[in-house]
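Encoded as structure tokens, the structure appears first; notes follow it.
2 protein chains.
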Amino acid sequence: MALGLPSHDRRARRHEATKAEIVVAAWEVARHRGLAGLTLAEVAARVDMRVPSLYQYFASKNDLYDAMFAQGNDEFLAFLEERRAELPTDARQRLRAGFRLYFEFCTSDPARYQLLFQRTVPGFEPSPASYAKAVEVMTLLREDLARAGLVHDQEDEDLLTALSSGLVDQQIANDPGGDRWARLIDVVADMAYDHLKSKQRRKGRQGARRPAGTSTQGGPR
Amino acid sequence: MALGLPSHDRRARRHEATKAEIVVAAWEVARHRGLAGLTLAEVAARVDMRVPSLYQYFASKNDLYDAMFAQGNDEFLAFLEERRAELPTDARQRLRAGFRLYFEFCTSDPARYQLLFQRTVPGFEPSPASYAKAVEVMTLLREDLARAGLVHDQEDEDLLTALSSGLVDQQIANDPGGDRWARLIDVVADMAYDHLKSKQRRKGRQGARRPAGTSTQGGPR
DNA sequence: GTCTATATTTGGATAGAC
DNA sequence: GTCTATCCAAATATAGAC
Numbered sequence: 003m004a005l006g007l008p009s010h011d012r013r014a015r016r017h018e019a020t021k022a023e024i025v026v027a028a029w030e031v032a033r034h035r036g037l038a039g040l041t042l043a044e045v046a047a048r049v050d051m052r053v054p055s056l057y058q059y060f061a062s063k064n065d066l067y068d069a070m071f072a073q074g075n076d077e078f079l080a081f082l083e084e085r086r087a088e089l090p091t092d093a094r095q096r097l098r099a100g101f102r103l104y105f106e107f108c109t110s111d112p113a114r115y116q117l118l119f120q121r122t123v124p125g126f127e128p129s130p131a132s133y134a135k136a137v138e139v140m141t142l143l144r145e146d147l148a149r150a151g152l153v154h155d156q157e158d159e160d161l162l163t164a165l166s167s168g169l170v171d172q173q174i175a176n177d178p179g180g181d182r183w184a185r186l187i188d189v190v191a192d193m194a195y196d197h198l199k200s201k202q203r204r205k206g207r208q209g210a211r212r213p214a215g216t217s218t219q220g221g222p223r
Numbered sequence: 003m004a005l006g007l008p009s010h011d012r013r014a015r016r017h018e019a020t021k022a023e024i025v026v027a028a029w030e031v032a033r034h035r036g037l038a039g040l041t042l043a044e045v046a047a048r049v050d051m052r053v054p055s056l057y058q059y060f061a062s063k064n065d066l067y068d069a070m071f072a073q074g075n076d077e078f079l080a081f082l083e084e085r086r087a088e089l090p091t092d093a094r095q096r097l098r099a100g101f102r103l104y105f106e107f108c109t110s111d112p113a114r115y116q117l118l119f120q121r122t123v124p125g126f127e128p129s130p131a132s133y134a135k136a137v138e139v140m141t142l143l144r145e146d147l148a149r150a151g152l153v154h155d156q157e158d159e160d161l162l163t164a165l166s167s168g169l170v171d172q173q174i175a176n177d178p179g180g181d182r183w184a185r186l187i188d189v190v191a192d193m194a195y196d197h198l199k200s201k202q203r204r205k206g207r208q209g210a211r212r213p214a215g216t217s218t219q220g221g222p223r
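Just so you know, the sequences run in chain order A and B. Take 3 as the starting number for the first sequence in the working numbering and just add one per residue. Take 3 as the starting number for the second sequence in the working numbering and just add one per residue.
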């Protein structure tokens, strides 16, 4: 932004570009070897560098994971921004489309799904900055669902995340590349829609809107 | 079984007992360090041995994973056998109870869930013998559901696995040790029940029972 | 900024004595 | 069956020359 030192600016820009290239290469390796199978040697080879050079861009392997985490969230954000204009306004269709969007994004890259949503990497914890991006994404999703008049409390939200991620998980674990669970997306979305609608009607009949967390539904155990 | 060489018998029994001890220790390490963080050194320390001694019992680390996989399935089998006598006969209640059972088993040991159901360990593939155990478990589950008159084709089954594992996944990933998704088990089970019942009614009205895979529901994409 | 060389650690696996 | 000693490979990370 400063006009003062353009050469610094250019240098910094180049630095950032190289960083981004490395992250892209890291994702390629992760997709190929598995997220936990990522090694700096293979990343370096892919960007035509030696391993020590990577340390000019990332302080540690965990730092690289963190950049991947941030970039994955950026991708999801871009993916959502790009498509949510086309979302149907009808609530039922909107929920179906939302489920399809999430499913497509997640299953199109299982390694990314694992890093962003499953927290299964050995000792990785996202930095506050990267975590903030994840929160931003969740907030956007939440808003979209609330805007459709479908979600009224955290329980509704938890229900939808469980249903959608269940489809994704089974698809990835038991039929990678196939469509066994993809074919169930609309069915499940409709189930969720009907449930939320009838719950809303029940609440409406009861008059006053009770606060969240006082469900009449008894828990298990 | 043979009466001929009792000393062999005793020795073999002891050998098997030590093997089982090692597997138990391995599970403890896996729960503590994460499934991928399992190291032979830590397992050996826990059974008061040196690493090379483990090789008297397991040919490789993957062989140990395989034994853990087999034992995990045995545990699930025992867990099911022990409790399915108490399952309600009423179909709706039976489905609820089944969801609760699966949820309890899975969330009570996330590392085990990961190895048995998520296939996320680096280069691990179960041996044919261990895989057979996994199939046996799935068959038992399938029979129980079919006996309740709830599941008629693979699509029904896939729906139930998606819903139940969605709850488990969210619970483990986003609220480990808590009950945010546990509280939704009955809700989701009832949703599934209502869906399967009304699907059955629809099929009944249409007369002939159409074969699986010809759903009128269009897939996404 | 990138490299060569190297340190360091760790973890799986084997040889061979007891 | 268990151990000590050792090997080997891989992988992260650093030092210091260019």
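Note that CB positions come from ideal geometry on N, CA and C, so glycine has one too. Quantities reported herein were computed from a predicted structural model and do not represent experimental measurements.
Kindly provide the ranges of any alpha helix (DSSP H) runs that are 4 or more residues long and lie completely inside the region 27–94 of chain A, ordered along the chain. Scanning the region 27–94 of chain A for uninterrupted alpha helix (DSSP H) segments of 4 residues or longer gives 42–48, 53–56, 63–85, listed from N- to C-terminal end.
Please tell me whether B:Trp183 has its Cβ less than 8 Å away from any Cβ of chain A. yes
Determine the DSSP secondary structure at A:Phe107, reduced to helix, strand or coil. Helix.
Verify the CB distance criterion: does A:Met193 have a CB-CB separation below 8 Å to chain B? yes
Starting from the Cα of A:Arg102, find the closest Cα among A:Glu23, A:His34, A:Leu169 and give me that residue. Selected option, being the one with the closest Cα: A:Leu169.
Does the region 92–102 of chain A come into contact with the region 136–154 of chain A, if we say contact requires no fewer than three beta-carbon pairs (one atom in each stretch) closer than 8 Å? The answer is yes - the region 136–154 of chain A touches the region 92–102 of chain A, with three or more Cβ pairs under 8 Å.
Listed in chain order, which residues of the region 101–129 of chain B have Cβ atoms closer than 9 Å to some Cβ of chain A? Phe101, Arg102, Phe105, Glu106, Gln116, Phe119, Gln120, Arg121, Thr122, Val123, Pro124, Gly125
Please report whether the beta-carbon of B:Ser55 lies at a distance below 8 Å from any beta-carbon of chain A. Judged by the 8 Å Cβ criterion, B:Ser55 is not in contact with chain A.
When the cut-off is 8 Å and only beta carbons count, does B:Glu44 lie next to chain A? no
Taking just the CA atoms, how far does B:Gln73 sit from B:Arg33? 15 Å
Within its chain, find whatever has a CB closer than 6 Å to the CB of A:Tyr115; leave out the 5 residues flanking it on each side and keep chain order. Within the same chain, A:Tyr115 has close Cβ partners Cys108.
Just tell me which of A:Gln156, A:His197, A:Asp192 has its CA closest to the CA of B:Arg182. The residue with the shortest Cα to Cα distance from B:Arg182 is A:Gln156.
I need the DSSP call for A:Lys101, collapsed to helix, strand or coil. Sequence inspection shows Phe at residue 101 of chain A; the Lys mentioned does not correspond to that position. If DSSP states are grouped into helix, strand and coil, A:Phe101 belongs with the helices.
What residues in the region 152–164 of chain B have a beta carbon less than 9 Å from any beta carbon of chain A? Gln156, Glu157, Asp160, Leu161, Thr163, Ala164
Measure the alpha-carbon distance for B:Met227 versus A:Asp192 and round it to whole angstroms. Because chain B here runs from 3 to 223, residue 227 of chain B falls outside it and cannot be looked at.
Quick one: measure Cβ to Cβ for B:Val123 and B:Ala43, integer angstroms, because I've assumed they're closer than 8 Å. Approximately 18 Å separates the beta-carbon atoms of B:Val123 and B:Ala43; this is outside 8 Å, ruling out the contact.
Option nearest A:Ile187 by Cα separation, candidates B:Ser129, B:Leu162, B:Pro178, B:Gln208: B:Leu162
Cβ closer than 8 Å: which chain A residues qualify as neighbours of B:Ser62? Ordered by position in chain A, no residue passes the 8 Å Cβ test against B:Ser62, which lies about 18 Å from the chain.
For A:Glu138, collect the residues of the same chain with a Cβ closer than 8 Å to its Cβ; drop the 5 residues on either side in sequence, then sort them by chain order. Asn75, Leu79
Give a yes or no on whether the C-beta atoms belonging to A:Gly151 and A:Ala93 are separated by under 8 Å. yes
Which of the three DSSP states, helix, strand or coil, is assigned to B:Pro130? helix
Three-state secondary structure (DSSP) of B:Val190: Three-state result, B:Val190: helix.
Mind checking A:Tyr104: buried by the 16 CB within 10 Å criterion, or exposed? buried
Could you tell me the distance, in whole angstroms, from the CA atom of A:Ala175 to the CA atom of A:Tyr59? 34 Å
Buried or exposed for A:Ala22, going by 16 or more other Cβ atoms inside 10 Å? exposed
At 7 Å on the CB atoms, spell out the chain A contacts of B:His197, in chain order. By Cβ distance, chain A contributes Met193.
Less than 8 Å between C-beta atoms, sequence neighbours within five positions excluded: which residues of the same chain meet that for A:Val25? Leu66, Ala69, Met70, Gln73
Would you kindly work out how many angstroms separate the C-alpha atoms of B:Arg13 and B:Thr20, rounded to a whole number? 11 Å
Verify whether the separation of the beta carbon atoms of A:Ala184 and A:Gln172 is less than 8 Å. no
Alpha carbon to alpha carbon, how far is A:Leu143 from A:Ala134? Give it in angstroms, no decimals. 14 Å
Pairwise C-alpha distance: A:Glu84 and A:Lys199: 28 Å
Please report how far the alpha carbon of B:Tyr195 lies from the alpha carbon of A:Pro54, in whole angstroms. 58 Å
Would you mind working out which of A:Ala131, A:Pro128, A:Val45, A:Asp177 sits nearest B:Ala164, comparing C-alpha positions? A:Asp177
Please go through the region 114–177 of chain A and give each complete alpha helix (DSSP H) segment of 4 or more residues, from N-terminal end onward. 130–149, 156–176
Between the C-alpha atoms of A:Pro90 and B:Met140, what's the straight-line distance to the nearest angstrom? 39 Å
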